[in-house]
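A.B. asks: Each protein sequence line maps, in turn, to chains A and B. If you're matching positions, the first sequence starts at 0 in numbering that gives the first Met the number 0 and goes up one per residue. If you're matching positions, the second sequence starts at 0 in numbering that gives the first Met the number 0 and goes up one per residue.
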Amino acid sequence: MMPVLVDHVSHRYGTGTAALHDVAFALPAGAILGLVGANGAGKSTLLQCCAGLRTPTRGAVRIGGHDARDRRALVGGTVTWVAADPPLPAHETVAALLRWVAPLHARWDTSFAAMLVDRLALPTAQRVDRLSRGGRMKLALVLALAPRPAVLILDEPLAGLDVPARDDVLRAVLGTVADEGTTVLLASHEWGEIETVLDHLAVLRDGRLVVCDRIETLQARFRRVTLTGTDDALDAIARGDRWLGTQRAGRLLTLLVDTDATPLPVDEFASLSDVTQCDVDDVPTRELVRRLTYGTPSTRVAEVVA
Amino acid sequence: MHVTPVLPFPVDLRPGDSPVRQVARAAARAILGGVLRPGDRFPSVRELAEALKLHPNTAQKVVTQLQQEGLLVAKPGVGTIVQAPPPAAGPDERRRAALEAQLDRLVVEARQAGLDDAALAAMLTARWQAAFGVPGSTDDGASARGRTDEPVPDVPTPVSPTARMRGRA
């Protein structure tokens, strides 16, 4: 049960490439954060800073009040991290590796580890370097979950896994959160798979944080307004620069409105005689994520469908 | 061997509607239809979370909402128990207004689908009977209960073309 505070973290690689610009957010204990962004947006760099594997150029990550870089505070698997292609010793068998790792962790849960190995159908007698890509990922997850971490950091944990394995992995993570109040940071491109699992969403674009909040707060903040009216009236409204996105299909205009930046223009539209109908509803999270991640200019519906 | 919990009522989560609403609706249907009976144990938050791949806080909201609706009651040391639905004190006006809005959409889409009002009414009656038994019968839910050893047919909710588009978007 540990909150995570990302305190104005910036990071610049030795090559001079800036990966993160002043990223700041606070995550309560027990939250499951989905971190999304295009390739190269800075997701992995941020997660490595959170795991204490990388020292930010400026700022710090605090986990339960401790600096994430302070390994003494984190030793024993309080924070665990899994990335695609996890580095694992090649020549051990799965069973030997689990035996070898267990005493390194203060809170290693042997029966939980055995249950996970069974559930993920990991071949315990197999050598680690003979495991499939998915097998290595599952093993890395067992190694990350069995210490019963306070904070679990998952960088593309579903990559390379088949559909049943993805379900098993997510269920194992959820069981841990339900039992232990583990705080989870999860980067994934598989939005459809992770959407319901999350309660927080953070979007990175070019190393900057676009939003980070509870999903229900974001749904209240971003609203979709659908208008019907004359072509001229809709064209005029669509040309406005107040909208986060617009979509036009015949007599129908859809606006995506960030109500933090622009008050909902319902009264304004109601007073226009050329606008016959104005509905406000939720933005589907999938669309919201896409808009915030890639930031789309105004589009006609044909382009959106294509 | 750990077994993924199987829920005693079918839920088919679709994108585009809040998971809390969808799961609470599916559970209410099972309770009001007699598939889950008073005294039955309701799945725990952990079981709901794992079975449906929901954040435990989201699963907790489903249980809280059903408790507020009087369909579930927390029994310390036992878990959450299905309760006999409270007798309705006449129609709930707030919910009625929400229903009117949904009916507006339904009648327009029925008309566009080439149905007349009688056909739509017949569809509604059939749905009602499938969910809750014959209307007016004191033994409502009995027909659903008689089927509990068979898989409960998951009658898909009619999805409007716009809702489907939204789901894909």
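Ideal Cβ positions, reconstructed from N, Cα and C, are used throughout, including at glycine. Everything numeric in this text was worked out from a predicted model, so none of it was measured.
Within 8 Å, do at least three Cβ pairs link the stretch 228 to 237 of chain A to the stretch 15 to 27 of chain B?
C.D. replies: Too few Cβ pairs lie closer than 8 Å, so no.
A.B. asks: Counting only runs of 4+ residues fully inside the stretch 197 to 282 of chain A, write out the alpha helix (DSSP H) ranges in chain order.
C.D. replies: Listed in chain order, the complete alpha helix (DSSP H) runs (minimum 4 residues) inside the stretch 197 to 282 of chain A are 214 to 220, 230 to 238, 265 to 269.
A.B. asks: Determine whether the beta carbon atoms of residue 35/A and residue 292/A lie at a separation below 8 Å.
C.D. replies: As a position in the first sequence, residue 35/A is number 36, starting the count at 1. As a position in the first sequence, residue 292/A is number 293, starting the count at 1. Yes; because the gap between Cβ atoms is below 8 Å, this pair is in contact.
A.B. asks: Thinking just about the alpha-carbon of each residue, which of 59/A, 3/A, 157/A is nearest to the one in residue 10/A?
C.D. replies: If you number the first sequence from 1, residue 10/A lands on position 11. Per the Cα distances, 59/A.
A.B. asks: Please report the distance separating the alpha-carbon of residue 124/B from that of residue 175/A.
C.D. replies: Counted from its first residue, the second sequence places residue 124/B at position 125. Counted from its first residue, the first sequence places residue 175/A at position 176. C-alpha separation (whole angstroms): 44 Å.
A.B. asks: Measuring straight from C-alpha to C-alpha, what distance separates residue 117/A and residue 56/A?
C.D. replies: The residue labelled residue 117/A in the question sits at position 118 within the first sequence. The residue labelled residue 56/A in the question sits at position 57 within the first sequence. Cα-Cα distance, rounded: 42 Å.
A.B. asks: Are the CB atoms of residue 228/A and residue 273/A within a distance shorter than 8 Å?
C.D. replies: In the first sequence, residue 273/A corresponds to position 274, counting from 1. In the first sequence, residue 228/A corresponds to position 229, counting from 1. In this structure, residue 228/A lies closer than 8 Å to residue 273/A by Cβ.
A.B. asks: Run through DSSP, which three-state label would residue 119/A get?
C.D. replies: In the first sequence, the residue the question calls residue 119/A occupies position 120. It is coil, neither helix nor strand.
A.B. asks: Regarding residue 235/A and the ligand MG, is the C-beta to nearest heavy atom distance less than 7 Å?
C.D. replies: With respect to small molecules bound, the structure shown includes none, and the ligand MG cannot be examined in it.
A.B. asks: According to DSSP, what are the bridge partners of residue 193/A?
C.D. replies: As a working mapping, residue 193/A is identified with position 194 in the first sequence. Per DSSP, none; premise fails for residue 193/A.
A.B. asks: From the DSSP output, in three-state form, read off residue 81/A for me.
C.D. replies: Looking up residue 81/A in the first sequence gives position 82. Strand at residue 81/A.
A.B. asks: Using a C-beta cutoff of 8 Å, does residue 119/A count as contacting chain B?
C.D. replies: Position 120 of the first sequence, counted from the start, is the residue given in the question as residue 119/A. Cβ-Cβ to chain B under 8 Å: no for residue 119/A.
A.B. asks: Can you tell me whether residue 166/A is helix, strand or coil according to DSSP?
C.D. replies: Indexing the first sequence from 1 puts residue 166/A at position 167. DSSP places residue 166/A in helix when its eight states are reduced to three.
A.B. asks: Answer yes or no: does any C-beta atom of chain B fall closer than 8 Å to that of residue 174/A?
C.D. replies: Translated into positions along the first sequence, residue 174/A becomes position 175. With 8 Å as the cut-off, residue 174/A counts as an interface residue toward chain B.
A.B. asks: Shortest alpha-carbon distance to residue 13/A belongs to which of 103/A, 294/A, 54/A, 122/A?
C.D. replies: Mapped onto the first sequence, residue 13/A falls at position 14. Measuring from the Cα of residue 13/A, the nearest candidate turns out to be 54/A.
A.B. asks: Around the Cβ of residue 132/A, are there at least 16 other Cβ atoms within 10 angstroms (buried) or fewer (exposed)?
C.D. replies: Sequence index remark: in the first sequence, residue 132/A carries index 133 (1-based). Counting Cβ neighbours within 10 Å, residue 132/A comes out exposed, since fewer than 16 surround it.
A.B. asks: Applying the 10 Å Cβ sphere with the 16-neighbour rule, what's the burial state of residue 1/A?
C.D. replies: As a working note, residue 1/A is residue 2 in the first sequence. When all chains shown are included, residue 1/A counts as buried.
A.B. asks: Could you pull the start and end residues of the alpha helix (DSSP H) that residue 20/B belongs to?
C.D. replies: As a working mapping, residue 20/B is identified with position 21 in the second sequence. Here the alpha helix (DSSP H) through residue 20/B covers 18 to 31.
A.B. asks: Assuming residue 258/A contacts residue 245/A under a Cβ cut-off of 8 Å, what Cβ separation, rounded to an integer in Å, is found between them?
C.D. replies: Against the first sequence, residue 258/A aligns to sequence position 259. Against the first sequence, residue 245/A aligns to sequence position 246. Wrong, their Cβ atoms sit about 16 Å apart, outside the cutoff.
A.B. asks: CA-CA distance, residue 29/B and residue 58/B?
C.D. replies: The residue you call residue 29/B lines up with position 30 of the second sequence. The residue you call residue 58/B lines up with position 59 of the second sequence. Spanning the two alpha carbons is a distance of roughly 17 Å.
A.B. asks: May I ask you to list, following chain order, the residues of the stretch 21 to 54 of chain A that have a beta carbon less than 7 Å from some beta carbon of chain B?
C.D. replies: The residues in question are 31.
A.B. asks: Please list, in chain order, all residues of the same chain as residue 263/A whose beta carbon is under 8 Å from its beta carbon, the five residues on each side excluded.
C.D. replies: Along the first sequence, read from residue 1 onward, the residue named residue 263/A stands at position 264. So the list reads 222, 224, 256, 279, once near-sequence residues are dropped.
A.B. asks: Give the residues of chain A in contact with residue 53/B, contact being defined as C-beta atoms less than 8 Å apart.
C.D. replies: As a position in the second sequence, residue 53/B is number 54, starting the count at 1. Going along chain A in sequence order, the residues near residue 53/B (Cβ under 8 Å) are 173, 195, 196.
A.B. asks: Taking only three categories from DSSP, how would you classify residue 12/B?
C.D. replies: Reading the second sequence from its first residue, position 13 is the one you call residue 12/B. Of the three classes helix, strand and coil, the one that applies to residue 12/B here is coil, per DSSP.
A.B. asks: For the alpha helix (DSSP H) containing residue 120/B, name the first residue and the last one.
C.D. replies: For the purposes of this step, residue 120/B is taken as the residue at position 121 of the second sequence. Start and end: 116 to 131.
A.B. asks: Would you call the CB atoms of residue 119/B and residue 130/B closer than 8 Å?
C.D. replies: The residue given as residue 119/B occupies position 120 in the second sequence. The residue given as residue 130/B occupies position 131 in the second sequence. Against a cut-off of 8 Å, the Cβ pair of residue 130/B and residue 119/B comes out as no contact.
A.B. asks: Could you pull the start and end residues of the alpha helix (DSSP H) that residue 42/A belongs to?
C.D. replies: If you number the first sequence from 1, residue 42/A lands on position 43. Segment 42 to 49, the alpha helix (DSSP H) holding residue 42/A.
A.B. asks: List the DSSP bridge partners of residue 41/B.
C.D. replies: In the second sequence, residue 41/B corresponds to position 42, counting from 1. According to DSSP, residue 41/B bridges with 79/B.
A.B. asks: Please tell me whether residue 102/A and residue 135/A are closer than 8 Å, where the distance is taken between their beta carbons.
C.D. replies: In the first sequence, the residue the question calls residue 102/A occupies position 103. In the first sequence, the residue the question calls residue 135/A occupies position 136. Cβ distance not < 8 Å, so residue 102/A and residue 135/A don't count as in contact.
A.B. asks: Just to confirm before moving on: does the CB-CB distance between residue 81/A and residue 40/A stay below 8 Å?
C.D. replies: Within the first sequence, numbered from 1, the residue matching residue 81/A stands at position 82. Within the first sequence, numbered from 1, the residue matching residue 40/A stands at position 41. Not in contact: residue 81/A and residue 40/A (Cβ atoms no closer than 8 Å).
A.B. asks: I'd like to know whether the C-beta of residue 169/A is nearer than 8 Å to at least one C-beta of chain B.
C.D. replies: For this step, residue 169/A is matched to residue 170 along the first sequence. Residue 169/A counts as touching chain B.
A.B. asks: Do residue 186/A and residue 46/A have their C-beta atoms closer together than 8 Å?
C.D. replies: Locating residue 186/A in the first sequence gives position 187, where the first residue counts as 1. Locating residue 46/A in the first sequence gives position 47, where the first residue counts as 1. Yes.
A.B. asks: Counting only Cβ pairs nearer than 7 Å, list the residues of chain B close to residue 177/A.
C.D. replies: On the first sequence, residue 177/A is found 178 positions in, with the first residue counted as 1. Simply 44, 45, 48, 55.
A.B. asks: Using a Cβ-Cβ cut-off of 7 Å (strictly less than) and excluding sequence neighbours within five positions of residue 261/A, which residues of its own chain qualify?
C.D. replies: If you number the first sequence from 1, residue 261/A lands on position 262. So the list reads 241, once near-sequence residues are dropped.
A.B. asks: Under a CB-based cut-off of 8 Å, is residue 98/B close to chain A?
C.D. replies: As a working mapping, residue 98/B is identified with position 99 in the second sequence. No, residue 98/B does not count as interfacial toward chain A.
A.B. asks: Starting from residue 71/B, find everything on chain A with Cβ-Cβ shorter than 9 Å and list it in chain order.
C.D. replies: Here the question's residue 71/B lines up with position 72 in the second sequence. Ordered by position in chain A, no residue passes the 9 Å Cβ test against residue 71/B, which lies about 18 Å from the chain.
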